[in-house]
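Asker: Okay, here's the structure, questions in a sec.
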Amino acid sequence: MISDNKICGSKLLVALPDDIFAVVTRSLTPKDVFNLSICCRSLYALASSDKVWLIQCELLGVIPNKDLIEWRKGVHSYRSLCRFLVNVQPLIGIWVHQNPELGNVVYVMPGFISVVGCRIIPQELGPLGIEQGPILWSPVFEIIGDVDGSSVFLLHGRERETNYFYPGSLKGVDRSCNVLLLEVEPRKLTDGGKLVHSKSFVGIPNPMDREFSRKICPSEPGVSKSQRINGQKPPVPFSRLAFSDRRKLIETVTSQIRVDMSQPADGLSFPCSEGEDSSRFCERRSRLMQMYKCDPRESNLGEVRKFLDDSQHQYRIQSSKKKSFVGYFRDSFKQIIGKSSSINGSREHSRSSSSSENSKYVQFQEFLRSGDTIGLTLHASTARLSSYRAWPNMHDSKFALYKLPEQEPIIGQEYAGLWGGTFGWPPGRSSADKPGKALFFLLLSYAESSLGQQVLIGTKILEGTHYVLHPNGSAMFIANINEPSAEPFPWDCDGESNCLDLKEAFSGEGISNGYGFRYPGSKPGSLFVFEDGMLVFMWKESRAVLTLQRVNLQDMLKKGERVPPLPPIANFSYLTKSYSNVYAGFSNASNHTSSPRLVDKFDVACDPTVHRFVDAEPVVHG
């Protein structure tokens, strides 16, 4: 009990025992604790204790408490660990892209003092069912924590039958980020040859805390303080470049900074079972950090400028040849039909419109002038995105992934979340007439209909067919939660002769043929909910069924099998419109034989004589 009435303010906090002070900080955020530590020296020592920052790490909830102890062994302190966890916490979750239409799902999950972006490969359901897997996946990127809690970005890719990683930096992570952007950023060199970033960190007492303080105490975005004082022009954003220029820059940079993923650096990115020995993950992380710091992470700006100038020169030559030939043919044809004058006028108008359109973009030289070198960056930003039935409307010219807002199951919205399933009955198993069933992943979310009623929407985010049947992001079904269904369920038992106990049923509509592929229609159906947690949507007319069960992607990936990634740019964001399985052509079993979970079975999975990709029930579209 403190009896001295003169003790107040910081002295009161300093007088508290460490354990009591740690309990008090449970009501504080990492930002609050950091601000407290820079008030005075006595509070700095108290607020920097491992007890305080261990509690902050626990409250973030990124990893279980038992894993925090293992991760702590690889960093300076729990404060450093919290710095890393604060930075990567917003990245955890499901990220998608519209292309390819079969589905482009990247799940970001904890690794070992890291987070790993894993792409779920479109595939059939395995013989052990959804829960036992295994599921096929490929690495997209990793963000690894250094000993001081700073973050290292590694993009994965494959070129000429060799796996590479492409080192870069994590540019910034907004707390509410919904877009992951792969970009290139010019960087300045100091007199000592070290890299500096465009933003200033003036006023931070400890250099090791600069990144952390920027994260939890963000300064004004845009122009840095040093640039405002010195009157410098702000750097040109990567998005101001034309799409073709952005692609050229990323291709050029990745070709110069790639590093061969030799063993043991090409091992597994995360533990796959409880109590697994962490020594090999420590070894892999140390090896990756050593390669990251020793190998070049930036491209020489002179070489980049020369390459881009040569590319532009070749493009102008080819473009002029193409235009001269096309123009000659077009003019000749217009003279024949007697409309050359009117068309020439329209061509001039088109030319001026094109010039106006291109004026919003900047040139290479203007973008590159703000740095001495150039490097790869990952930028997690917040964008204003419209959506339709829980699926975001995406840009088709940005190297980006988009985060799906995942609702948590609560009272009244018990069925929200990620579900996996197949068409046909019995559920979750292969049968004689269907040796391979396409695996579907649906994100279930609640919304309010135009009539003010609550509906449950099953949005398709991945389908394991050989050729796409449903547009990516389409609603496989919409069930009206306020409208019970009187439709009887046609089966009494599941595939293992277990009696079914129906809990409730709702009326709804399921996807069907419409006005072409892009605009599907709908037909009446019912959503059945069973006591064991299984959901079944049945189309009334065709009697086709889609059976679903709740899944945990992190657990599925730990039991899964890794397959080789795509080339680096396409591996991050596949922008080409495709309706088939684009991941089928990038596998080679001979390159992943060091671990039983790295054996590449993707060639087998795509072999129609061994493990056939089959379409879902065609009667659904009737």
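Numbers 223 to 844, taken from the numbering used here, label the letters of the sequence shown in order.
Quick reminder that beta carbons are idealized off the backbone N, C-alpha and C, glycines included.
Got a sec? Which residues, its chain only, sit under 6 Å from Tyr329 by beta carbon, not counting five neighbours each side?
Answerer: Here residue 329 corresponds to residue number 107 of the sequence shown, with the count starting at 1. Excluding residues within five positions, the ones whose Cβ falls inside 6 Å are Ile316, Cys340 and Leu775.
Asker: Using beta-carbon positions only, say whether Ile342 and Gly367 come within less than 8 Å of one another.
Answerer: Here the question's residue 342 lines up with position 120 in the sequence shown. Here the question's residue 367 lines up with position 145 in the sequence shown. Their beta carbons are not under 8 Å apart, which means Ile342 does not touch Gly367 by this criterion.
Asker: Look at Ala244 and Ile277 and say whether their C-beta atoms are less than 8 Å apart.
Answerer: Taking the sequence shown and counting its residues from 1, one reaches residue 244 at position 22. Taking the sequence shown and counting its residues from 1, one reaches residue 277 at position 55. Going by C-beta atoms, Ala244 is nearer than 8 Å to Ile277.
Asker: Would you mind sorting Asp241 into buried or exposed? The rule is 16 or more other CB atoms within 10 Å of its CB.
Answerer: Mapped onto the sequence shown, residue 241 falls at position 19. Counting Cβ neighbours within 10 Å, Asp241 comes out exposed, since fewer than 16 surround it.
Asker: In chain order, what residues of the same chain lie with their CB nearer than 6 Å to the CB of Pro312, ignoring the 5 residues before and after it?
Answerer: By one-based count along the sequence shown, residue 312 stands at place 90. Correct list, in chain order: Val395, Arg397 and Cys399.
Asker: What first and last residue would you give for the alpha helix (DSSP H) that runs through Lys515?
Answerer: By one-based count along the sequence shown, residue 515 stands at place 293. Segment Ser501 to Cys516, the alpha helix (DSSP H) holding Lys515.
Asker: Suppose the cutoff is 7 Å on Cβ atoms and the five residues either side in sequence are ignored; what does the same chain contact list for Phe752 look like?
Answerer: The count along the sequence shown starts at 1 and reaches residue 752 at position 530. Excluding positions up to five away in sequence, the list reads Leu722, Asp723, Leu724 and Lys725.
Asker: State the Cα-Cα distance for the pair Glu783 and Leu307, rounded to the nearest angstrom.
Answerer: As a position in the sequence shown, residue 783 is number 561, starting the count at 1. As a position in the sequence shown, residue 307 is number 85, starting the count at 1. Answer to the nearest angstrom: the Cα atoms are 27 Å apart.
Asker: Suppose only complete runs of 3+ residues qualify. What are the beta strand (DSSP E) ranges in the segment 699–774, listed by chain order?
Answerer: Here the runs fully enclosed are 724–734, 743–752, 757–761 and 767–772.
Asker: If you measure between the beta carbons of Val481 and Pro361, is that distance less than 8 Å?
Answerer: The sequence position of residue 481 within the sequence shown is 259, counting from 1. The sequence position of residue 361 within the sequence shown is 139, counting from 1. Cβ atoms of Val481 and Pro361: not closer than 8 Å.
Asker: Do you know whose CA, among Ala622, Glu364, Gly730 and Leu358, lies nearest Arg507's CA?
Answerer: Translated into positions along the sequence shown, residue 507 becomes position 285. Considering only alpha carbons, the answer is Glu364.
Asker: So what's Glu353 in DSSP terms, helix, strand or just coil?
Answerer: Residue 353 sits at position 131 when you count from the first residue of the sequence shown. Reduced to three states, the DSSP call for Glu353 is helix.
Asker: Label Ser696 either buried or exposed according to how many other C-beta atoms from any shown protein chain fall within 10 Å of its C-beta, with 16 as the threshold for buried.
Answerer: Position 474 of the sequence shown holds residue 696. With 16 or more Cβ atoms within 10 Å of its Cβ, Ser696 is classed as buried.
Asker: Can you tell me which of Val804, Lys620, Ser729 and Trp293 puts its alpha carbon nearest to the alpha carbon of Pro493?
Answerer: In the sequence shown, residue 493 corresponds to position 271, counting from 1. Cα-wise, what sits closest to Pro493 is Trp293.
Asker: Assuming Ile679 and Ala612 form a contact by the criterion Cβ under 8 Å, report the distance between their Cβ atoms to the nearest whole angstrom.
Answerer: The count along the sequence shown starts at 1 and reaches residue 679 at position 457. The count along the sequence shown starts at 1 and reaches residue 612 at position 390. That belief holds up - the Cβ atoms of Ile679 and Ala612 are roughly 6 Å apart, short of 8 Å.
Asker: Please classify Trp641 as buried or exposed, where buried requires at least 16 other C-beta atoms within 10 Å of its C-beta.
Answerer: Mapped onto the sequence shown, residue 641 falls at position 419. The residue in question, Trp641, is buried, as its Cβ has 16 or more Cβ neighbours within 10 Å.
Asker: Ignoring anything shorter than 4 residues or poking outside the segment 338–389, list the alpha helix (DSSP H) runs there in chain order.
Answerer: Correct list: 351–354.
Asker: Would you say Leu258 touches the ligand ADP, meaning its beta carbon is less than 7 Å from a heavy atom?
Answerer: The model on display carries no ligand, and the ligand ADP is accordingly not part of it.
Asker: If Glu473 and Ser800 are in contact, beta carbons under 8 Å, what's the gap, nearest whole angstrom?
Answerer: The residue labelled residue 473 in the question sits at position 251 within the sequence shown. The residue labelled residue 800 in the question sits at position 578 within the sequence shown. Glu473 to Ser800, Cβ: 20 Å. No contact.
Asker: Looking at the structure shown, is Leu465 part of a helix, part of a strand, or coil, going by DSSP?
Answerer: Residue numbering aside, residue 465 sits at position 243 when the sequence shown is read from its first letter. With the sequence shown as reference, residue 465 is identified as Phe, and Leu is not the correct amino acid for it. Helix, per DSSP.
Asker: According to the neighbour-count rule (16 or more other Cβ atoms, all chains shown, within 10 Å of its Cβ), is Ser259 buried or exposed?
Answerer: Looking up residue 259 in the sequence shown gives position 37. So Ser259 counts as buried.
Asker: Count the other C-beta atoms from every protein chain shown that fall within 10 angstroms of the C-beta of Val870, then say buried if there are 16 or more, exposed otherwise.
Answerer: With the chain represented from 223 up to 844, any question about residue 870 goes unanswered, as that position is not in the structure.
Asker: Got a sec? Which residues, its chain only, sit under 8 Å from Gly325 by beta carbon, not counting five neighbours each side?
Answerer: Here the question's residue 325 lines up with position 103 in the sequence shown. Excluding positions up to five away in sequence, the list reads Val318, Ile342, Pro344, Phe663, Lys682, Ile683, Leu684, Glu685 and Asn694.
Asker: What's the C-alpha gap between Ile539 and Ser491?
Answerer: Translated into positions along the sequence shown, residue 539 becomes position 317. Translated into positions along the sequence shown, residue 491 becomes position 269. Here Ile539 scores only 47 on pLDDT, less than 50, and its place in the model is too uncertain to base an answer on.
Asker: Check the C-beta distance from Leu404 over to Phe699 and give it rounded, since I have them as a contact under 8 Å.
Answerer: Here residue 404 corresponds to residue number 182 of the sequence shown, with the count starting at 1. Here residue 699 corresponds to residue number 477 of the sequence shown, with the count starting at 1. Not really, about 34 Å apart at Cβ, beyond 8 Å.
Asker: Assign Pro649 to one of two classes, buried (16 or more other C-beta atoms within 10 Å of its C-beta) or exposed (fewer than that).
Answerer: Within the sequence shown, residue 649 is the residue found at index 427, counting from 1. Its Cβ being crowded by 16 or more others within 10 Å, Pro649 is buried.
Asker: For the beta strand (DSSP E) holding Glu685, just list the boundary residues, first then last.
Answerer: Taking the first residue of the sequence shown as 1, we reach residue 685 at position 463. Start and end: Gln676 to Glu685.
Asker: Going by beta carbon distance, what residues of the same chain come within less than 8 Å of Tyr266, once the five residues before and after it are set aside?
Answerer: Here residue 266 is taken as the residue at index 44 of the sequence shown, counted from 1. Here the set comprises Ser259 and Ile260.
Asker: Do Arg409 and Thr595 have their C-beta atoms closer together than 8 Å?
Answerer: For this step, residue 409 is matched to residue 187 along the sequence shown. For this step, residue 595 is matched to residue 373 along the sequence shown. Yes; because the gap between Cβ atoms is below 8 Å, this pair is in contact.
Asker: Taking the Cβ atom as the reference point for each residue, do Gln320 and Met616 lie within a distance shorter than 8 Å?
Answerer: Taking the sequence shown and counting its residues from 1, one reaches residue 320 at position 98. Taking the sequence shown and counting its residues from 1, one reaches residue 616 at position 394. Against a cut-off of 8 Å, the Cβ pair of Met616 and Gln320 comes out as a contact.
Asker: According to DSSP, is Trp317 helix, strand or coil?
Answerer: Numbered from its first residue, the sequence shown carries residue 317 at position 95. Note: Trp317 maps to strand in three-state DSSP.
Asker: Can you list, in chain order, the stretches of the beta strand (DSSP E) that have 3 or more residues and sit fully within the segment 601–676?
Answerer: Counting whole runs of 3 or more residues, the segment 601–676 contains the beta strand (DSSP E) stretches 622–625, 639–645 and 662–670.
Asker: How far does the alpha helix (DSSP H) with Pro493 in it extend, from its first residue to its last?
Answerer: Working through the sequence shown from its first residue, we reach residue 493 at position 271. Looking at the DSSP string, Pro493 is not in any alpha helix (DSSP H), and its letter there is neither H nor E.
Asker: Can you say whether Ser391 is buried or exposed, counting buried as having 16 or more other CB atoms within 10 angstroms of its CB?
Answerer: To locate residue 391, count along the sequence shown from 1; it is residue 169. Buried is the call here.
Asker: When the Cα atoms are used, what is the spatial distance from Asp254 to Lys273?
Answerer: On the sequence shown, position 32 is the one that residue 254 refers to. On the sequence shown, position 51 is the one that residue 273 refers to. So the alpha carbons of these two residues sit roughly 16 Å apart.
Asker: Can you check DSSP and say which residues form a bridge with Tyr689?
Answerer: Translated into the one-based positions of the sequence shown, residue 689 becomes position 467. Beta-bridge pairing links Tyr689 to Ser802.
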